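Q: Numbering (the numbering used here), first residue to last: 3 to 221. All residues carry an ideal CB built from backbone N, CA and C; glycine is no exception. In this text, all values refer to a predicted model and were calculated from it rather than measured experimentally.
(1) DSSP three-state call for residue 79: helix, strand or coil?
(2) Check residue 126 in the structure and name its three-state DSSP category.
(3) Using DSSP's beta-bridge definition, name the partner residues of residue 140.
(4) For residue 214 and residue 121, what's the separation of their Cα atoms in angstroms?
(5) So who's on the other strand from residue 27, going by DSSP bridges?
(6) Does the contact criterion of 3 or more C-beta pairs under 8 Å hold for the segment 170 to 177 versus the segment 136 to 154?
(7) Cutting at 7 Å between CB atoms, please list the residues of its own chain near residue 61, excluding the five before and the five after it.
(8) Go ahead and label residue 89 buried or exposed: buried means 16 or more other beta carbons lie within 10 angstroms of its beta carbon, across all protein chains shown.
(9) Going by Cα to Cα distance, which pick from 39, 182, 124 is closest to residue 145?
(10) Out of 188, 186, 205, 179, which one is the CA nearest neighbour of residue 195?
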């Protein structure tokens, strides 16, 4: 696994989010007390790259807790939709950024952050627009609703320089189809974080599901 550079590094020198791990858990932290044990379970299961989405009031605190207390994790921020989100996430310790979509303003802020990032796309035109701006690595979202693996396979021939992390409707059954594509570096998903396991704080089950997901990278 590649370790992200420090925030002081230039964007061009930042390593790829797509090379962190074949599967990136997409985490929604509702209770801050769950952040550290959840992250430890994912890391123990072989999934060290963890995307904490900025969808709850405790998300930034969760990123901070994981960054400080689970050093073997590579914690990032998801659902980044504004320059303010970028700044707050990096200050909290996020080591990569993921957005569901992009604008020029958001893109420039992510570029200036010094950490790796994946702007979200769902159409060919959005992909081409990012390529024009020098960005070749993207989040494909919502993957299943936007055409899934067949859509990404169709993009490979006309746009071979673009690479993707599909997220949204990806599960254990569909992940291998995405990972088999040359233009897919990793997938994002939450299937290893079932709501009942989180509610019960059954971290052993989360670790087991994470290990099952991590095995996709060696298949």
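A: This is what the structure gives:
(1) strand
(2) helix
(3) 166
(4) 28 Å
(5) 191
(6) yes
(7) 31, 54, 55
(8) exposed
(9) 124
(10) 205
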